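Participant: Protein chains in written order, with the working numbering: chain A, 1 to 295; chain B, 296 to 568. Beta carbons: idealized from backbone N, C-alpha and C, even for Gly. Being a predicted model, the structure only gives us computed values, none of them experimental. Before we start, here is the structure in question, set down as structure tokens.
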Amino acid sequence: MSESNPTVNAKQTRTALANRSGATKSPQLILGIILTGFVVAITIISFFWTPYDPVGIDVESRLTPPNLSHWFGTDRLGRDLFSQIMVGSQNTLYVALVSTGVGLLLGTSLGLAAAGSGQRWGAVFTRISDIGIALPSILIALVLATTLGPGRLSVIVAISFWFVPVTARVVVGPARQILALDFVEAAMTHGRSRLYIVFRQVVPNIGPIVIVQTSMMFAAAILIEASLSFLGVGAQPPTTSWGKIMMDSQPLVQQAPYYSLLPGAFIVITVLGFNLIGDGLAVLLDPQQSKKGVV
Amino acid sequence: MLEIKNFRISIAGKTLVKINHLAAEPGERLGLVGESGSGKTLTVLSILGLLPSMMDVEGSIIFDGKELVGSPENVLAKIRGRDIAMVFQDPSRSLNPTMKIGRQVGETLHLHTDLSKSAIKQKVIELMKSVQLPDPEKLYTRYPHELSGGQQQRVMIAMAIACKPKLLIADEPTTALDVTVQQGILKLILQLSKENDMAVIFVSHNLGVVQAVSERIAVMNSGEIVEIGPTSTILDSPSATYTKELIGANPSIPDAQELNRLLGTRFPTDRGD
Numbered sequence: 001m002s003e004s005n006p007t008v009n010a011k012q013t014r015t016a017l018a019n020r021s022g023a024t025k026s027p028q029l030i031l032g033i034i035l036t037g038f039v040v041a042i043t044i045i046s047f048f049w050t051p052y053d054p055v056g057i058d059v060e061s062r063l064t065p066p067n068l069s070h071w072f073g074t075d076r077l078g079r080d081l082f083s084q085i086m087v088g089s090q091n092t093l094y095v096a097l098v099s100t101g102v103g104l105l106l107g108t109s110l111g112l113a114a115a116g117s118g119q120r121w122g123a124v125f126t127r128i129s130d131i132g133i134a135l136p137s138i139l140i141a142l143v144l145a146t147t148l149g150p151g152r153l154s155v156i157v158a159i160s161f162w163f164v165p166v167t168a169r170v171v172v173g174p175a176r177q178i179l180a181l182d183f184v185e186a187a188m189t190h191g192r193s194r195l196y197i198v199f200r201q202v203v204p205n206i207g208p209i210v211i212v213q214t215s216m217m218f219a220a221a222i223l224i225e226a227s228l229s230f231l232g233v234g235a236q237p238p239t240t241s242w243g244k245i246m247m248d249s250q251p252l253v254q255q256a257p258y259y260s261l262l263p264g265a266f267i268v269i270t271v272l273g274f275n276l277i278g279d280g281l282a283v284l285l286d287p288q289q290s291k292k293g294v295v
Numbered sequence: 296m297l298e299i300k301n302f303r304i305s306i307a308g309k310t311l312v313k314i315n316h317l318a319a320e321p322g323e324r325l326g327l328v329g330e331s332g333s334g335k336t337l338t339v340l341s342i343l344g345l346l347p348s349m350m351d352v353e354g355s356i357i358f359d360g361k362e363l364v365g366s367p368e369n370v371l372a373k374i375r376g377r378d379i380a381m382v383f384q385d386p387s388r389s390l391n392p393t394m395k396i397g398r399q400v401g402e403t404l405h406l407h408t409d410l411s412k413s414a415i416k417q418k419v420i421e422l423m424k425s426v427q428l429p430d431p432e433k434l435y436t437r438y439p440h441e442l443s444g445g446q447q448q449r450v451m452i453a454m455a456i457a458c459k460p461k462l463l464i465a466d467e468p469t470t471a472l473d474v475t476v477q478q479g480i481l482k483l484i485l486q487l488s489k490e491n492d493m494a495v496i497f498v499s500h501n502l503g504v505v506q507a508v509s510e511r512i513a514v515m516n517s518g519e520i521v522e523i524g525p526t527s528t529i530l531d532s533p534s535a536t537y538t539k540e541l542i543g544a545n546p547s548i549p550d551a552q553e554l555n556r557l558l559g560t561r562f563p564t565d566r567g568d
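Written out as structure tokens, the structure is:
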């Protein structure tokens, strides 16, 4: 059992998830959960309450550095930066959630279908997904923005367009490995359908891989969304997002460095948080890594 | 009950298995022996219609009056598990690691019968008892990796006999198990076969295993049956050269003379002789 056997992973998931002390021995997972928990909490609060009206313009107090009444200072129009960052997180997380969801759902289905189909179709699929992965998502988003018009939809479509082949590629290998195992053949001798084998045998056994992939995609989606909003194809006024705040702050970096640093810090915290969760889960769910000291 | 006639499995025009005639009667225990790659497993997989798609099949396999070769997938799916069941070599790889034992056994019943949930659970416990698993209620909620190899194989057998099949194919059922467990599993299959009048095809490279459980033996070599007959005839007076070689290859415990020859000098013992 020295090769990385996905069925062993599944076994490990169960024991690891059942045994909570496993989580306490994975510090990056805990740190990741704390960081993302903080951001998610701020997003939820922003739906009900923000310290100031995020779009309330107050020209007299424009570009005030952080102080006691405006914790993060104010922007070029005198709007409270903390309130803006709070509300901006809504758009960022929404885009990340939807595009990760689409990527996960379509990507996993495609990967499973490719694993289940014969060698020839499998090869065709691999080539197509290679092309999909090779196309840079920022470029796709820019093209989409000119056809669909800039905004959330273009960003989600662009990110998903990249996530689907990536997820499919991650899933197809382990799924093929599972399909070659004896219990799949045993299920066939019991008169099982292909659908049963896919959903009852393959999916639960590749679960850990998909879970780790999800948290990594979430982090990537946040980065891409921020980049696209920064380029002006993402969130459109009056909607704001972290990338958009950074775009607004860009000409004022010298004058008001806090203006671009603070939303940047939020992007860093969120991406770091999700990556840490991904790493932590990967360690926790992988028996070989856990032998090296985690469990 | 089962009759294979003028049967051929080929891949890209190259013949892998060629069987002119092989039959099994209800309740009969037939051994299929041969070395690795002789086509034993391909033959039994073709009975279930589970050969890889790149292999071509010709000829006829008649089971219970029905022709299996060329039957549509939905017809075969109904036969699999209900009329013909199979037990595999390595039980640790034949069970889904993410599903509890009780549920895995119950799902076969769920697929082929109309029993209610509680009736299925009761039946599963009964089945687990009939394959002599200790403490079935407790094992019901266990995952496969929490069981020993012998217990896992008993679970596989419980799944296989759940719908009282007319034919059980046991493909090297004891090869992956400890020697001490092998006999128990063989006895169990034999007992279940007698109780339920279930025909069994034992596939093995091990003549010792096959002779212990089957009334007739078919010897396969390079995809063809070289000899078939009652177990005693095959063992006592084999006619094919290959069968003789196979019997000769069966390891036996060497006697003192053989040991002397193999070891040269005897090991000194603590008695000093």
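1. Buried or exposed: where does S21/A fall if 16 or more other Cβ atoms within 10 Å of its Cβ makes it buried?
2. When DSSP builds the beta bridges, which residues end up paired with H316/B?
3. For a minimum of 4 consecutive residues, which ranges assigned as the alpha helix (DSSP H) are wholly contained in the region 123 to 147 of chain A?
4. Cutting at 8 Å between CB atoms, please list the residues of its own chain near N491/B, excluding the five before and the five after it.
5. Verify whether the separation of the beta carbon atoms of K361/B and I374/B is less than 9 Å.
6. Alpha carbon to alpha carbon, how far is W162/A from D80/A?
7. Can you pull out the residues from the region 316 to 345 of chain B whose beta carbon lies closer than 8 Å to at least one beta carbon of chain A?
8. Compare the Cα-Cα distances from P367/B to each of Y196/A, I245/A, L228/A and G191/A and report the closest residue.
9. Just reading off the beta strand (DSSP E) that E522/B is part of, what are its end residues?
10. Give the single residue among A318/B, L311/B and A551/B whose Cα lies nearest to the Cα of G332/B.
11. State the CB to CB distance for the pair P321/B and K461/B, rounded to an integer number of angstroms; the pair is presumed to be in contact (CB under 8 Å).
12. At the 9 Å Cβ level, is L284/A part of the contact set with chain B, yes or no?
13. In chain order, which beta strand (DSSP E) runs of at least 3 residues are fully inside the region 315 to 402 of chain B?
14. Taking the straight line between their C-alpha atoms, what separation do you get for G173/A and A115/A?
15. Taking C-beta to C-beta, are T108/A and V166/A nearer than 9 Å?
16. Hey, does I480/B have any beta-carbon neighbour from chain A nearer than 9 Å?
17. Can you find the residues in the same chain that come closer than 6 Å, C-beta to C-beta, to V271/A, ignoring five residues on each side of it along the sequence?
18. Short of 7 Å Cβ to Cβ, which residues in the region 365 to 377 of chain B face chain A?
19. Closer than 7 Å by C-beta to P66/A: which residues in its own chain qualify, once you throw out the five before and the five after it? Chain order, please.
20. Between F161/A and chain B, is the shortest Cβ-Cβ distance under 9 Å, so that the two count as touching?
21. Which value, in whole angstroms, describes the spacing of the CA atoms of L481/B and A507/B?
22. At what residues does the beta strand (DSSP E) containing N516/B begin and finish?
Facilitator: Reading it off the structure:
1. At S21/A, the pLDDT of 48 sits below 50, so the modelled position is not reliable and the matter cannot be decided from this model.
2. K300/B
3. 137 to 147
4. I456 and K459
5. yes
6. 35 Å
7. L343 and L345
8. G191/A
9. E519 to P525
10. L311/B
11. 7 Å
12. no
13. 324 to 328, 350 to 358 and 379 to 382
14. 7 Å
15. no
16. no
17. A219, I222 and L223
18. A372, K373, R375, G376 and R377
19. F72, G73 and Y258
20. no
21. 8 Å
22. R511 to N516
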